[in-house]
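Student:
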Amino acid sequence: MDLDLLAGYLHTSSPSRGAGGTLLSNLTPRRLTSEADENTLVAGPSNPRIQITRVSNSNQLGLVISKMEKLFESITDCILDEKKELVIQLKSRPKRKQNLEENYREVPEKSTKITFPSKNAREAWKFTALLRILELSHEALITGIVTTKRDIYYRDPKLFMKQAVVDRYVDDIAYTFGVSRDALNVATFRTLATDQYWKDSIAGKGVLITAKGYPDIQTRKFLHILSSHYPGIPILALVDFDPDGIGIISTYKYGSQALAHETNLAVPSIRWLGVQSCDLVGQDQGTQGLLKLSVRDRRIASKMLEKANGEDNGVDDEMKRELQVMLVLNFKAEIQILGNGEKLGEWLDRRLLDSV
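Going by the UniProt record's numbering, 279 is the number at position 279 of the sequence shown; the sequence numbering is gapless.
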């Protein structure tokens, strides 16, 4: 199924009305609030829709919660009134495109409608996914706990199917509400770096290197120099539990087969801190957040195991075992399954204390 989100699949609505546009365009004709002002959601006989306007930073929290709750209330009213069709009207942020003259032009914002029920199964899925994201964002606002796009995805991966779905809808919801994404209590990803984990780690002082998501030459050179000149400093790696993650560890430890001539970049002393299969046992969310291996994942893992018996194969016994577990159980997991922000830091503290 090609999940194109909003583009090209939904009928474009009429031009937006007002600065903020509308979210629900076919509410029951009743007023949801006793008094309306420029920052409230309004549904009345003269204007049976919820008006969304930009709110100030000082009172965003309460107003965003109010917008969401009135939206949920309106949907409930439509269901109780046996409304035949519910419509969510969503706006997408304008994008800038570059033309042949190297000048940028702003593409007008898009306003699209998502309806339920629908004869189209994809439309019903979009409606459900959007409401689920609104629910989880509302939960984050009520509890005061910042969540992330990745957290939202892992709360219901079977529904969202891919991360891009959550990324797009979160941004569109924020734009439709006229607020920043932060006002929804949703961050892109609370990384160990952004949380400044190294400052408060009970495991002691250290250097946190995020690299580029893959073993780039600069990071490999730095780690090689560090391990050569200061062999007493432990070097530990935290990667996803998937074939690519194991491939990253292998490249740092043994070098890259593609750059076999770069023999001075290997870091034999590096140790695999996680994520490993043992880290997934006893997780609070059970199987939530575990993803099935793709055909590509299985192909990469199988090739790595085939080479495991040769010389200079870049796969040690620990990696071999984890690849076998991965293939047998047919799942993988990303670092975020351990938690986010403070929770991930607590896990890392425990693991570091056991490892150093």
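By construction, the Cβ of each residue, glycine as well, lies at the ideal position given by its N, Cα and C atoms.
#1: So the alpha helix (DSSP H) Lys303 belongs to, where does it begin and stop?
#2: Taking the alpha-carbon of Lys343 as reference, which of Ile145, Ile217, Glu123 and Leu71 has the nearest alpha-carbon?
#3: Using a 10 Å radius around the Cβ and a threshold of 16 neighbouring Cβ atoms, would you call Pro29 buried or exposed?
#4: Looking at residue 373: is its Cβ nearer than 8 Å to the Cβ of Pro215?
#5: Please state the DSSP three-state secondary structure of Thr76.
#6: Would DSSP call Ser111 helix, strand or coil?
#7: Pop quiz: Leu290 and Phe331 are said to be a contact at Cβ under 8 Å. What is the actual Cβ separation, rounded to whole angstroms?
#8: Mapping the DSSP letters down to three states, classify residue 363 as helix, strand or coil.
#9: Let's see if you can read the secondary structure: which residues bound the beta strand (DSSP E) around Arg271?
#10: Please return the same chain residues whose Cβ sits closer than 7 Å to the Cβ of Gly339, not counting the five positions on each side in sequence.
#11: Using a Cβ-Cβ cut-off of 6 Å (strictly less than) and excluding sequence neighbours within five positions of Gln163, which residues of its own chain qualify?
#12: Can you tell which of Lys149, Ala174, Ser180 and Gly178 has its C-alpha closest to the C-alpha of Phe165?
#13: Taking 8 Å as the cut-off, does the segment 294-308 touch the segment 224-239 (at least 3 CB pairs, one atom from each stretch)?
#14: Could you check the C-alpha separation between Gly206 and Asp349 for me, to the nearest Å?
#15: Between the C-alpha atoms of Ile209 and Val328, what's the straight-line distance to the nearest angstrom?
#16: Measuring alpha carbon to alpha carbon, tell me which of Lys199, Val275 and Gln60 ends up nearest Leu323.
#17: Using the DSSP secondary-structure output, state which residues sit across from Phe127 in a beta bridge.
#18: Alpha carbon to alpha carbon, what distance is there between Met319 and Thr147?
#19: By the three-class DSSP mapping on this structure, what secondary structure does Lys212 have?
#20: In its own chain, which residues sit with a C-beta less than 7 Å from the C-beta of Ala187, not counting the 5 before and 5 after it?
#21: Locate the alpha helix (DSSP H) running through Ile152, then write down its first and last residues.
#22: Taking all protein chains shown into account, decide if Ser302 is buried (16 or more other Cβ within 10 angstroms of its Cβ) or exposed.
#23: Go through its chain and collect everything with a Cβ distance to Ala203's Cβ below 6 Å, but skip five positions before and after it.
#24: Evaluate Gly62 with the Cβ neighbour count: other Cβ atoms within 10 Å of its Cβ, from every protein chain shown; 16 or more gives buried, anything less gives exposed.
#25: If the criterion is Cβ atoms closer than 8 Å, does the pair Ile65 and His138 meet it?
#26: Using 10 angstroms around the beta-carbon of Cys78, count the other beta-carbons present and answer buried if the total reaches 16, otherwise exposed.
#27: Given a threshold of 16 other Cβ atoms within 10 Å of its Cβ, counted over all protein chains shown, does Ser355 qualify as buried or as exposed?
Tutor: Taking the geometry as given:
#1: Val295 to Glu306
#2: Ile145
#3: Any reading at Pro29 is ruled out, since the residue's pLDDT is 38, under 50, leaving its predicted position unreliable.
#4: Lying before the first or after the last residue shown, residue 373 is absent from the chain, which here runs from 1 to 356.
#5: helix
#6: strand
#7: 4 Å
#8: Because the chain is modelled from 1 through 356, residue 363 falls outside the range shown and cannot be assessed.
#9: Arg271 to Gly274
#10: Trp347
#11: Tyr153
#12: What sits at residue 165 in the sequence shown is Val, not Phe. For Val165, the nearest C-alpha among the options comes from Lys149.
#13: no
#14: 12 Å
#15: 32 Å
#16: Val275
#17: Answer by DSSP bridge pairing: none, since Phe127 is not bridged.
#18: 32 Å
#19: coil
#20: Val146 and Thr148
#21: Lys149 to Arg155
#22: exposed
#23: Asp349, Leu352 and Leu353
#24: exposed
#25: yes
#26: buried
#27: exposed
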